[in-house]
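Have a look at the structure below before the remarks.
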Amino acid sequence: MDLQKIIQTNEGTIVDVRSYGEFMEGHVAGSINIALNQIPERIEKIKQLKTPLILCCASGNRSGQAQHFLSQLGIECYNGGSWLDVNYYQSKQE
Numbered sequence: 001m002d003l004q005k006i007i008q009t010n011e012g013t014i015v016d017v018r019s020y021g022e023f024m025e026g027h028v029a030g031s032i033n034i035a036l037n038q039i040p041e042r043i044e045k046i047k048q049l050k051t052p053l054i055l056c057c058a059s060g061n062r063s064g065q066a067q068h069f070l071s072q073l074g075i076e077c078y079n080g081g082s083w084l085d086v087n088y089y090q091s092k093q094e
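Numbering of the sequence shown is given in the UniProt record's numbering, commencing with residue 1 and proceeding in unit increments.
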């Protein structure tokens with residue numbers, strides 16, 4: 001799995017798991033916001049998203065928790081770490 005390549009080629013869906021307020025202060029273009037604490041109640045919506053899911057947050061901690069939870073449900077997802085890193089990779093699209 002080359003996370004950078006998945007992001008650059010737009011193969012999946014970027015999901016920002018920060019709070020709505022954090023998301024509105026800045027986020028990756030085209031990403032969607034599902035706060036970490038909302039993930040369990042939004043599983044059906046999440047299952048409909050184009051996989052793999054690239055999960056991001058401020059530092060990689062919350063996205064790591066989300067990745068662990070979702071992967072246990074059989075959802076293909078990766079911890080992209082900081083949304084700033086994901087944003088950087090996306091800006092390098094070939």
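Just so it is clear, CB atoms sit at the ideal spot from N, CA and C, and this is done for glycine as well.
Contact defined as beta carbons within less than 8 Å: I believe residue i pairs with residue j. What is the distance between those atoms, to the nearest angstrom?
| i | j | result |
| --- | --- | --- |
| I54 | R42 | No, I54 and R42 are not in contact; Cβ-Cβ is about 17 Å, not under 8 Å. |
| G80 | C56 | 4 Å |
Can you give the Cα-Cα distance for residue i and residue j, rounded to whole angstroms?
| i | j | result |
| --- | --- | --- |
| G64 | I32 | 17 Å |
| S19 | L36 | 8 Å |
| E44 | K92 | 32 Å |
| T51 | M24 | 24 Å |
Please say whether residue j and residue i have beta carbons closer to each other than 8 Å?
| i | j | result |
| --- | --- | --- |
| V17 | Q90 | no |
| I7 | G30 | no |
Apart from the five residues on each side of it in sequence, which residues of its chain come closer than 7 Å, Cβ to Cβ, to residue i?
| i | result |
| --- | --- |
| A66 | V17, L36, I39, L55 |
| G12 | I6, K50, T51, P52, L53, I54 |
Heavy atom of the ligand GTP less than 7 Å from the Cβ of residue i, yes or no?
| i | result |
| --- | --- |
| Q90 | Of the ligands one can find in the structure shown there are none, so the ligand GTP has no counterpart to examine. |
Considering only residues of the same chain and omitting the five flanking positions on each side of residue i, which have a CB-CB separation below 8 Å?
| i | result |
| --- | --- |
| L70 | I39, I46, L53, L55, C77 |
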